[in-house]
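S.K.:
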Amino acid sequence: MSLTIVTEDTGVPTISLTGRLDTHTAPQLDAELTRLLAERGAVTRLVFDLGQLEYLSSAGIRCFVRSRKAIEPHGGKVALVNPQPPVRKVLEIVKAMPPGGIFSSIAELDAYLDDMQRKVREGE
Amino acid sequence: MSRRLASLRMFQSVRARLLFWILAVALPIYATGMWLSYHTAEQGLEADAIRRADQLAERLASDLDAVIRPIEGGVYTVAHQLEEVDPPRSEYLQRIRGILNAWPEVYGSTIAVETGGRNRQVRPFAPYLFRRGSQIEFSNLARESYAYSSLPWYRSAADGLKPLWSAPYYDLGGGQVWMITYSVPFFRRLENRTRILAGVVTADLDLDWVRRTAARVALDPGGMGWLAAGTADDAFVAPIGDTQQYLVRFDPALRDTTIRHAAAAMQQQNRSFAALPDGLSARPAYLAVRELRTLGWQLTLLMPEAELLAGARRQLNRQLLLGTTGLLLLVIAVSLVAAGVARPIRRLAEAVGEVSESDLQIRLPERTRGDEVGVLTEALRRLRDSLQQHVQMRAQSIAAEHRLEHELQISAQIQQSMLPHGEALRVMPRGVEVCAALLPAQQVGGDLYDYFPVQGGALLFTIGDVSDKGIPAALFMARLSALLRVLGAQGGGPDRLLAEVNSRLVEGNDACMFVTAGCGIIDPATGTVRYASAGHEPPLLLQLEGTVRSPAPDGGAAIGINAGEIYPLQEVLLAPGDLLLLYTDGVTDAEDRAGARFGLDRLATLLRDSAGLHPAAVVERVVQTAASHAEGFHATDDLTVLALRHVPEGVTAVSIAGVPRWYINIGDDAVGMQVAQRRLRSILVARGIVGGRLHDVELIAEEWLTNVLRAAAGRSLPRLSLELALPEAGIELVFRDDGEAFDPLVAEPPELELPVDERPVGGLGIHLIRQTARSCEYERLDGCNLLRVQLDRIE
């Protein structure tokens, strides 16, 4: 009944969540996000790896929404990768992510990000 | 024993038997001998009597001949001279006197001349001389009145022309005495050389001498005899000896004529010796008859049987006396011998009869006899000695048995003390009810159970069954118990524990004992049981709703067999109210009279019927049912049952109409909530609800709880409870709180279409609940808010 948070802070910070993200563990993630945002200042990309996340409740969703609120206004983007079916179901019910915010795998995310970079480069 | 000896009847004794058979054999022999002897004596006496009768007859004949023959000769000589010389008649008298002078027995004599026929011219002439006292007198018989020529004494001789004796006659004319007359004819020669009868010479004999002669003869005592001239009643009879005297004594009514008639009749039948015919006399007697060669008289002898056989009787009496004495002596001797044989036997019997278990001192005679009794005594002595030895050994073995019994009792107590008891039971972790029972078949057994707290608030429980029974099994079990306690307390799963125990017990297990064991560790918080089995019967799981399963069927080999054996770890989840039952094969192998095993099916059924009972009640029920199944039958195996039930705090588990329901109280803080959520999750997992559906239920519960908590922000928390029911194919959740009335279902759904930074935080929970559940109902009941949520079991 716990949550393990592993933050990979290289380039695009990736937070891997293992276990349960619920009312009781959400504060941990909130704290981690606060720390990360404080350390990194402007974060344009934030990836949550949900492959090992077993459980997600509305409290957890709030974490994702809060991170989106912190990043998206600055043109940043939050991506959820590889949610398990129950988790994906919850995410979909509450429409927590915009279309294209949830990726089935890291590879899909990488492809998406490469594509975005190319577009930005071409746009510039 | 002695009473039976006393009641030995007389004829059953050795003495009586000996006497009976000896007498039975001896008496007939004696009797036959005596009868033969008597008979022989009798025959001898009879023959003797006959011989003596012959002798007597001969003697009498001789006596008579001695008188008669000379007289015959003399008279014949006179007659011859009268023919030859033909003297003148004057000389006749002289010749007659000569006869009288020569034989004193001659009473009288005459020479009577023939006057008939050719002598017609002769004058009768018959001078007769006879004795009168010592004088000789003359009588002329030729007197007219006498007419001698017609008288028998003359006529028979004259007609017969030869000498003859007359029959005795009683002389009335002359001497008034019995007489017989010898008459001899004499002849005269004529010129033509013919002889004509000239007369008859006679000599009369006074038979008094015959009487005297007869009287002089001595007969056997009691014997009687008569010398008789013919059988006529008036015939001359001379009693012999003291006959008349004896006859009166023998039978006063008996007459000698009667006897002589009988003798004559006998003679006609050519029998000379016979019994006196019946009817003649009351007393038996023998009769002998002889005809004398002289005169043709009869000698009749009568011998009373008593006297004749007196000798034989005497001999018989002597033999009887001798025989009786002999028999008496024989009886005495046999009695003494029999008593001599029986007495020591009886003494032995009495000595043996006094024997009792407490007193084996059979007092046997010391002196050893050489006979069978001695052999018997010796045999009894050996018997006594070996009996005493046996009794002594028995006493020793009983003492040893008592000692062993005592030791066994202590062992049983020690073994009992190795089972959880007393203070140890009070430190059991909460959330688990555990109870066990062990029914040893013998005082000490090879079964074992144990349970004790281990690290992490868990409870280790174990059950075991040593292959053997009795003390070896108990010792092995003690080792196992100690190892489980020590190694179990060190932590680690039951699989490792069994492996460790196995490696210790395999070492030096020369007795080749082994034990099947089941070992589990239950986490009371979650109801998770980690279980491993070493060849033991798989446990049975009785779920709250009454289903019975065998949740951990795998296992390794029994402990003590293979070094390095691996015991697979199995996991069993107990929902609150679920009960796990461990047992030894003593339960399933309990056999009734017909040999029918109690069996696993019976146990499962019994368990199913015991749903909802406390483990103690279940254990008691199983033990009693299995024991009564084998009632009256000696239990052959130990019987052990261990039951544990998961009863976490704050959860009430009931089953209503086969639908399990759990009421989960929720603490009034975050921890309480977490605990409640864990409970819910455990129950769902234990009932196989996993994956998405598990996620749904957990989500619903959390969102509701969060919602209630948020609604109560700042105020005191309401009392909360959660009810989970698992009807078939469905999941039902009832949330209850006693807060202010609030129907979450009337709230507006959140604006999910707004951009994220414009959406308010919150309001998602109820939405999630409504989206996830099949149905949601709100109700205000008894001052409580009730939210009833239903889901399908399958997504």
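First to last, the sequence lines map onto chains A and B. Using numbering that gives the first Met the number 0, the letters of the first sequence correspond one by one to residues 0 to 123. Using numbering that gives the first Met the number 0, the letters of the second sequence correspond one by one to residues 0 to 794. For every residue, glycine included, the Cβ atom is placed at its ideal position computed from N, Cα and C.
From the beta carbon of B/Leu-790, is the nearest beta carbon of chain A less than 9 Å away?
M.R.: Chain A, which has no Cβ nearer than 9 Å to the Cβ of B/Leu-790, makes this no.
S.K.: For B/Thr-705, which residues in chain A fall below 8 Å Cβ to Cβ?
M.R.: Those are Thr-22, Ser-56, Ser-57 and Ala-58, listed as they occur along chain A.
S.K.: According to DSSP, is B/Ile-409 helix, strand or coil?
M.R.: If DSSP states are grouped into helix, strand and coil, B/Ile-409 belongs with the helices.
S.K.: Does B/Lys-161 come out as helix, strand or coil in the three-state DSSP assignment?
M.R.: In the structure shown, B/Lys-161 sits in coil (DSSP, three-state: anything other than H, G, I, E or B).
S.K.: Take the Cβ of B/Ser-1 as the centre, count every other Cβ of all protein chains shown within 10 Å, and call the residue buried at 16 or more, exposed below.
M.R.: No answer about B/Ser-1 holds up, because its pLDDT of 45 lies below 50 and its placement is not dependable.
S.K.: Just checking my contact of B/Glu-104 with B/Ile-135 at CB under 8 Å: how many whole Å lie between their CB atoms?
M.R.: Contact doesn't hold; Cβ gap of about 14 Å is too wide.
S.K.: Under 9 Å between C-beta atoms, does B/Pro-523 make it to chain A?
M.R.: Output row for B/Pro-523: interface = no.
S.K.: Got a sec: is the Cβ-Cβ distance from B/Pro-749 to anything in chain A below 9 Å?
M.R.: Cβ-Cβ to chain A under 9 Å: yes for B/Pro-749.
S.K.: Which residues, in chain order, does the stretch 691-715 of chain B contribute to contact with chain A at a C-beta distance below 7 Å?
M.R.: Listed by position along the chain: Gly-691, His-694, Glu-697, Leu-698, Glu-701, Glu-702 and Thr-705.
S.K.: If you count every other CB in all the chains shown that lies within 10 Å of the CB of B/Ala-533, and 16 or more means buried, which is it?
M.R.: Buried, because 16 or more other Cβ atoms sit within 10 Å of the Cβ of B/Ala-533.
S.K.: Taking only beta-carbon atoms, is A/Ile-92 less than 9 Å away from chain B?
M.R.: With 9 Å as the cut-off, A/Ile-92 counts as an interface residue toward chain B.
S.K.: Using the beta-carbon of each residue, which ones in chain A are nearer than 7 Å to B/Asp-666?
M.R.: Reading the sequence as shown, one finds Gly at residue 666 of chain B and not Asp. Residues of chain A passing the Cβ test: none, with the nearest at roughly 13 Å.
S.K.: Spatial neighbours of A/Val-11 within its chain, please: C-beta separation below 7 Å, excluding the five flanking residues on both sides.
M.R.: So the list reads Arg-44 and Val-46, once near-sequence residues are dropped.
S.K.: Please classify A/Arg-19 as buried or exposed, where buried requires at least 16 neighbouring CB atoms within 10 angstroms.
M.R.: A/Arg-19 should be labelled buried.
S.K.: Return helix, strand or coil for B/Ala-234, following the three-state DSSP convention.
M.R.: DSSP places B/Ala-234 in coil when its eight states are reduced to three.
S.K.: Alpha carbons only, please: which of B/Leu-641, B/Ala-562 and B/Val-547 is nearest the one belonging to B/Val-586?
M.R.: Considering only alpha carbons, the answer is B/Leu-641.
S.K.: Please report whether the beta-carbon of A/Lys-88 lies at a distance below 9 Å from any beta-carbon of chain B.
M.R.: With 9 Å as the cut-off, A/Lys-88 counts as an interface residue toward chain B.
S.K.: Which bits of chain A does B/Gly-764 rub up against, with CB to CB less than 7 Å?
M.R.: Within chain A, the residues near B/Gly-764 are Ser-57.
S.K.: Determine, for A/Glu-38, whether the minimum Cβ-Cβ distance to residues of chain B falls below 9 Å.
M.R.: Answer no: the Cβ-Cβ gap between A/Glu-38 and chain B never drops below 9 Å.
S.K.: With distances taken between CB atoms, is the gap from B/Gly-132 to B/Ala-311 smaller than 9 Å?
M.R.: It is not a contact, given that the beta carbons lie outside the stated cut-off.
S.K.: Hey, how far is the Cα of B/Leu-704 from the Cα of B/Ala-669?
M.R.: Computed Cα separation, rounded: 10 Å.
S.K.: Below 9 Å between beta carbons: does that hold for B/Ser-796 and B/Leu-128?
M.R.: Because chain B here runs from 0 to 794, residue 796 of chain B falls outside it and cannot be looked at.
S.K.: Can you look up B/Arg-58 in the DSSP assignment and give me helix, strand or coil?
M.R.: Correct three-state label for B/Arg-58: helix.
S.K.: Determine whether the Cβ of A/Pro-82 lies closer than 9 Å to any Cβ atom of chain B.
M.R.: Chain B, which has no Cβ nearer than 9 Å to the Cβ of A/Pro-82, makes this no.
S.K.: Please tell me whether B/Asn-118 and B/Leu-196 are closer than 9 Å, where the distance is taken between their beta carbons.
M.R.: Yes; because the gap between Cβ atoms is below 9 Å, this pair is in contact.
S.K.: Express the C-alpha separation of B/Arg-289 and B/Asp-53 in angstroms, rounding to a whole number.
M.R.: Near 7 Å, if we compare the C-alpha coordinates of B/Arg-289 and B/Asp-53.
S.K.: Does B/Gln-268 come out as helix, strand or coil in the three-state DSSP assignment?
M.R.: Correct three-state label for B/Gln-268: coil.
S.K.: Please tell me whether B/Thr-635 and B/Arg-601 are closer than 9 Å, where the distance is taken between their beta carbons.
M.R.: No.
S.K.: Kindly indicate if chain B contains any beta-carbon less than 9 Å away from that of A/Pro-85.
M.R.: Yes, A/Pro-85 counts as interfacial toward chain B.
S.K.: Out of B/Arg-342, B/Val-13, B/Asp-446 and B/Ser-155, which one is the CA nearest neighbour of B/Tyr-181?
M.R.: Comparing Cα positions, the closest option is B/Ser-155.
S.K.: Taking Cβ positions, are B/Ile-470 and B/Leu-418 nearer each other than 9 Å?
M.R.: Their beta carbons are not under 9 Å apart, which means B/Ile-470 does not touch B/Leu-418 by this criterion.
S.K.: With DSSP as the reference, please indicate the residues paired to B/Trp-225 in a beta bridge.
M.R.: Its beta-bridge partners are B/Pro-238 and B/Thr-299.
S.K.: Please report how far the alpha carbon of B/Ile-663 lies from the alpha carbon of A/Phe-63, in whole angstroms.
M.R.: Cα to Cα, B/Ile-663 sits roughly 31 Å from A/Phe-63.
S.K.: Counting only runs of 3+ residues fully inside the stretch 493-549 of chain B, write out the beta strand (DSSP E) ranges in chain order.
M.R.: Those beta strand (DSSP E) runs which fall completely within the stretch 493-549 of chain B and span 3+ residues are 514-522, 527-533 and 539-541.
S.K.: With a CB to CB cut of under 6 Å and the five nearest residues on each side skipped, what residues in its chain are close to B/Leu-160?
M.R.: Within the same chain, B/Leu-160 has close Cβ partners Pro-184.
S.K.: Work out the CA separation of B/Ala-23 and B/Thr-376 for me, nearest whole Å.
M.R.: Approximately 32 Å between the Cα atoms of the pair.
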